[in-house]
Amino acid sequence: QVQLVESGGGLVQPGGSLRLSCAASGFTFSSYAMSWYRQAPGKERGLVATVSSTGGSTNYADSVKGRFTISRDNAKNTVYLQMNSLKPDDTAVYYCYVRYFGTYWGQGTQVTVSS
């Protein structure tokens, strides 16, 4: 079965950096686009970034452009989200997502940006 397991969240000061990882299994990882979403308290879940199956194409929410970088390692079945210049507004639970004959989500990893 499809499994997505996120890691790398935590507490960071404004201006700091974190790298999230999502280890995938149960499908042919290299054939599918992967995405990161986030959900802040009291807000709807929203798309942060998407990377194509080969890693050659990416797109980002306007709020994170220039600060976040999505990438993937198809040999390791892992997708990453490098987050730099973090702001308090980036505080949220971050989820890994794939559409594979249905939609699949990881369990989420908490990112808190606070001084």
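Under our numbering, the residue at position 68 of the sequence shown is numbered 68, and the numbers go up by one with no gaps.
Built from N, CA and C at the ideal position, the CB exists for glycine as well.
In this structure residue 101 is exposed. Its beta-carbon is surrounded by fewer than 16 other beta-carbon atoms within 10 angstroms.
The DSSP assignment places complete beta strand (DSSP E) segments of no fewer than 3 residues inside the segment 20 to 84 at 34 to 39, 46 to 51, 58 to 60, 68 to 73 and 78 to 83, in order along the chain.
Under a 10 Å Cβ-count criterion, residue 62 is classified as exposed, with fewer than 16 other Cβ atoms of the shown protein chains found around its own Cβ. Fewer than three pairs of CB atoms, one per stretch, sit closer than 8 Å, so the segment 101 to 114 makes no contact with the segment 63 to 75. Check the Cα spacing between residue 83 and each of 13, 2 and 3: the tightest is with 13.
For residue 113, the enclosing beta strand (DSSP E) covers residues 109 to 113.
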